[in-house]
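Colleague:
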Amino acid sequence: MFQRSEKPGRHRGRLAIALAAAFAVAVITPAVAQANLTGSTFEGNDGNMVVDTSGHHDWANVSPNTGTDIASGKTDNSFGQGTKEDSATPTVVTGSIPPNKNDLTRFYESSEQVASGDIYLYLAWERLVNIGNANLDFEINQMTSPGFTGAPGASTITRTAGDLLINYDFGGSGTPTLGYSKWLTAAAGNTASQCNASSTLPCWGLHTTFNSTVAEGAVNTGSIAESIAGGTLGTGLFGEAAINLTAAGVFQQGVCEAFGSAFIKSRSSSSFTAELKDFIAPIPVSISNCGTITVKKVVTNAPAGDSTSFGYTTTGTGLSNFSLTGGGKKVFTPLGQGAYSVSENTVTATGWSFVSVSCKDDTTSSSVGTVTGQKVDITLSPGQDVTCTYTNHYTNSPTIATTLSDTSITVGGSVHDSSALTGASAGATGTVTYTVYTDDKCTVKATPSDGGTKTLNADGTVPDSDALTFNTPGDYYWQAVYTSGDGNNNNATSTCTDEHLVVNKAQPTVATAQNLIPNDTMTVSGGFGTPGGTVDFMLFSPSDPTCSGTPAYKELGVAVSGGSASTTNTGAGAFIASDAGTWNWKSVYSGDSNNKGATSACGVEHFTIVNK
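Numbering (mature numbering (1 follows the signal peptide of the UniProt record, and there is no 0)), first residue to last: -33 to -1, 1 to 579.
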């Protein structure tokens, strides 16, 4: 996987191959029959910039990082005043044109990490004029910005123990000699005897020459196409190299190393202590066998403005415990290959629950790691970038308040209930069930009890219950129960005693009126012997004071016995006089064989009903 400096100083672990357009330039291309380094498809020893074998890579299709020099002339900058490789404070001058053979114009860098974990570094340089040999050094720093900009005057190069210097010495023909040194500091326990040329620390350490199994290089032996900047490069103006940094021992398996910037310098001769001449200022690069673990925090249904913090416990070199809020992330880099774990602590904040954790390789998007509950164990491969996403969900705990249309009614009356859901998420769904009970614990259902189950409206409001008619006096308690229709809200129940309904007995009104069961008796006297015969009794209502109309009550043909006769208006079928006023009796005696008939005058016998 060839790399550009997408994020300086951080290994991206990606195959970033951008196929360049082929240049239709008529040039002479040297014949090549060289083998690539084992494990690499990059043609680092063919002395050109184009792909010679299908399926391979060269500068034309790796999208390299590029450094370009200031145009040659009196404005060009270069090292001066005897600056050498060990100088941490070089002097930059202008107006002093570098010797032709040392006048650099451009350099390229790319790198890749193959499946085995080995890191390959690819370098190339271009110069203005070919006058024989070329002695160059590529300084590759861990810092993304070593502080050296190439500005005229005294400069400072901020170097870190372990920074890399790649030496490229070309004698004018044949194969260049490639080697390297590392920057040594006293703080690392080194001694001056380990320096390549200097007698004091810090310095570039002892030089190591790469053997042909781990490094290869070539300088063009004929005109070639400049497939990146365009144009043609004459013989001896281009040189390249390919180096397996892992096989060479520069990178070690399982040890995280990362470089973030690179620049090139030319020396006046092959001697390491020779004065430095031209240079091209540092550019960002990403050369690394280090991996990355990124932890992202995703929250769903979070309340507005929520800032709940979620804690994490980790294991593994380079990791530390941390906390994240929703939408946050934590990046651990650089990391060496090996075992790591990340575990979300138990969520204690009200309403929050753990949902899931998943980890994926940033390159392949394939799942990695072993998940156990809220913990994930990751075995990080060299240069592997992994992103773990922890998801937590917030569930609202709404409350439901209710209001009866009336809290006190008379038996036979009707009541309905209303409710309002508070604290639910926007767009909450579900139902509310209304029920009536006869006890203040809401355990014994009343008759009637079912006030209906209502579906929430789209705006979250709750429809009223059905109206219920209560035909039995007593105390009743209404309760509303919300049943959530989604995973964003818990269920809710109203307080039983909040809705106390009293059904009172009916209160009748009383109106009184006197009434009588009238009876009458007629006594016949002054006749001959013991009178016999019959009597007709007739009772007239107060509306007929002259007894001329139809009697309200009559009893005819009552036999006279012992000289008298009486009505028998009693029992269940008795006539009742209820109208207020004076009631008048009129009675007619029939007579018998010894006595004449007789009639009592209207009103001689009467009674009056007065209602007060």
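Don't be surprised by glycine CBs; every beta carbon is placed ideally from N, CA and C.
All values derive from a computational prediction rather than experimental measurement.
(1) For Asn359, which three-state DSSP category applies?
(2) Relative to the C-alpha of Gly49, which candidate in Asn97, Ala121, Gly129 has its C-alpha closest?
(3) Is Val(-2) helix, strand or coil when you go by DSSP?
(4) Considering just the uninterrupted stretch of the beta strand (DSSP E) at Asp417, what are its terminal residues?
(5) What does the alpha-carbon distance come out to for the pair Asp70 and Thr330?
(6) Let me confirm a value: Ser381 is counted as buried when at least 16 other C-beta atoms fall within 10 Å, else exposed. Which label applies?
(7) By DSSP's criteria, Ala544 is part of a beta bridge. Which residues make up the other side?
(8) Given this structure, state the Cα-to-Cα distance separating Thr267 from Tyr361, to the nearest angstrom.
(9) Ala393 by DSSP, collapsed to three states: which one?
(10) So, helix, strand or coil for Ala155, using DSSP?
(11) Taking the beta strand (DSSP E) that Ser54 falls in, what are its first and last residues?
(12) Contact between the region 162 to 169 and the region 207 to 226: three or more CB pairs below 8 angstroms?
(13) From residue 597 to Leu95, what does the alpha carbon distance come to, in whole angstroms?
(14) Hey, could you find the ends of the beta strand (DSSP E) Val186 is sitting in?
(15) Going by DSSP, what residue range makes up the beta strand (DSSP E) through Leu204?
(16) Do the region 482 to 489 and the region 533 to 547 touch if we need at least three Cβ pairs shorter than 8 angstroms?
(17) Excluding the 5 residues flanking residue 583 on each side, which residues of the same chain have their C-beta closer than 7 angstroms to its C-beta?
(18) Taking the alpha-carbon positions, what's the Ala91 to Val309 distance?
(19) On a Cα-Cα basis, can you pick out the residue from Val525, Gly558, Cys514 that is closest to Phe495?
(20) For Cys409 and Thr428, what's the separation of their Cα atoms in angstroms?
(21) What does the Cβ neighbour count give for Phe574, buried or exposed, with the cut at 16 atoms within 10 Å?
(22) When you compare the CB positions of Asn102 and Asp136, do they come within less than 8 angstroms of one another, or not?
(23) What separation, rounded to the nearest whole angstrom, lies between the Cα atoms of Asn3 and Lys264?
(24) So what does DSSP say about Asn134, is it helix, strand or coil?
(25) Do you know how far the Cα of Asn28 is from the Cα of Ile(-17)?
(26) For the beta strand (DSSP E) that Phe74 lies in, which residues bound it at each end?
(27) What is the residue span of the beta strand (DSSP E) that residue 582 lies within?
(28) For the beta strand (DSSP E) that His573 lies in, which residues bound it at each end?
(29) Under the DSSP definition of a beta bridge, which residues are partnered with Gly47?
(30) Please state whether DSSP places Thr127 in a helix, a strand or coil.
(31) Going by C-alpha to C-alpha distance, which of Tyr87, Arg126, Ser21, Pro65 sits closest to Thr56?
(32) Within its chain, find whatever has a CB closer than 7 angstroms to the CB of Ala(-1); leave out the 5 residues flanking it on each side and keep chain order.
Modeller: Taking the coordinates as given:
(1) Here the question's residue 359 lines up with position 392 in the sequence shown. The answer is strand: DSSP assigns Asn359 an E or B state.
(2) On the sequence shown, residue 49 is found 82 positions in, with the first residue counted as 1. The shortest C-alpha separation from Gly49 is found at Ala121.
(3) Residue mapping note: residue -2 aligns to position 32 of the sequence shown, counting from 1. Here the model assigns Val(-2) a pLDDT of 47, short of 50, so the residue's position is not dependable and the matter cannot be decided.
(4) To locate residue 417, count along the sequence shown from 1; it is residue 450. Note, Asp417: beta strand (DSSP E), 412 to 422.
(5) For the purposes of this step, residue 70 is taken as the residue at position 103 of the sequence shown. For the purposes of this step, residue 330 is taken as the residue at position 363 of the sequence shown. One C-alpha to the other measures close to 40 angstroms.
(6) Within the sequence shown, numbered from 1, the residue matching residue 381 stands at position 414. Exposed, by the Cβ-count rule.
(7) Looking up residue 544 in the sequence shown gives position 577. DSSP, once it has assigned bridges, lists Leu483 as partnering Ala544.
(8) As a first step, residue 267 must be located in the sequence shown, where it is residue number 300. As a first step, residue 361 must be located in the sequence shown, where it is residue number 394. Whole-angstrom Cα-Cα distance: 6 angstroms.
(9) The residue labelled residue 393 in the question sits at position 426 within the sequence shown. Three-state DSSP puts Ala393 in coil, outside helix and strand.
(10) The residue labelled residue 155 in the question sits at position 188 within the sequence shown. In the structure shown, Ala155 sits in a helix (DSSP, three-state: H, G or I).
(11) The residue you call residue 54 lines up with position 87 of the sequence shown. Counting along the chain, Ser54 falls outside any beta strand (DSSP E), and DSSP gives it neither H nor E.
(12) no
(13) Residue 597 lies beyond the residue range present for the chain, which begins at -33 and ends at 579; the question has no answer from this structure.
(14) The residue labelled residue 186 in the question sits at position 219 within the sequence shown. Counting along the chain, the beta strand (DSSP E) containing Val186 begins and ends at 182 to 186.
(15) The residue labelled residue 204 in the question sits at position 237 within the sequence shown. Note, Leu204: premise wrong, no beta strand (DSSP E); not H, not E.
(16) yes
(17) The chain is shown from -33 up to 579; residue 583 falls before or after that span and cannot be answered.
(18) As a position in the sequence shown, residue 91 is number 124, starting the count at 1. As a position in the sequence shown, residue 309 is number 342, starting the count at 1. If I take the Cα positions, the gap works out to 42 angstroms.
(19) Indexing the sequence shown from 1 puts residue 495 at position 528. The option with the nearest alpha carbon to Phe495 is Gly558.
(20) For the purposes of this step, residue 409 is taken as residue 442 along the sequence shown, with counting starting at 1. For the purposes of this step, residue 428 is taken as residue 461 along the sequence shown, with counting starting at 1. If I take the Cα positions, the gap works out to 24 angstroms.
(21) For the purposes of this step, residue 574 is taken as the residue at position 607 of the sequence shown. Exposed, since its Cβ has fewer than 16 Cβ neighbours within 10 Å.
(22) Here the question's residue 102 lines up with position 135 in the sequence shown. Here the question's residue 136 lines up with position 169 in the sequence shown. Yes, the Cβ-Cβ distance between Asn102 and Asp136 is below 8 angstroms.
(23) The sequence position of residue 3 within the sequence shown is 36, counting from 1. The sequence position of residue 264 within the sequence shown is 297, counting from 1. Roughly 44 angstroms separates the two Cα atoms.
(24) The residue you call residue 134 lines up with position 167 of the sequence shown. DSSP places Asn134 in strand when its eight states are reduced to three.
(25) On the sequence shown, position 17 is the one that residue -17 refers to. On the sequence shown, position 61 is the one that residue 28 refers to. Confidence in Ile(-17) is poor, its pLDDT being 31 and thus under 50, which makes the residue's placement too unreliable to answer from.
(26) Walking along the sequence shown from the start, residue 74 turns up at place 107. 71 to 80 is the span of the beta strand (DSSP E), which, as asked, contains Phe74.
(27) Nothing about residue 582 can be reported from this structure: the residues present for the chain run from -33 to 579 only.
(28) Mapped onto the sequence shown, residue 573 falls at position 606. Unbroken beta strand (DSSP E) run through His573: 572 to 576.
(29) Here residue 47 refers to the residue found at position 80 when the sequence shown is read from its first residue. DSSP lists Thr58 as partners of Gly47.
(30) Looking up residue 127 in the sequence shown gives position 160. Note: Thr127 maps to coil in three-state DSSP.
(31) Translated into positions along the sequence shown, residue 56 becomes position 89. That would be Arg126, whose Cα lies nearest to the Cα of Thr56.
(32) Here the question's residue -1 lines up with position 33 in the sequence shown. Caution applies to Ala(-1), whose pLDDT of 46 falls short of 50 and renders its modelled position unreliable; the value that the coordinates give is listed next. Closer than 7 angstroms at the Cβ level, and outside the excluded window around Ala(-1), lies no residue.
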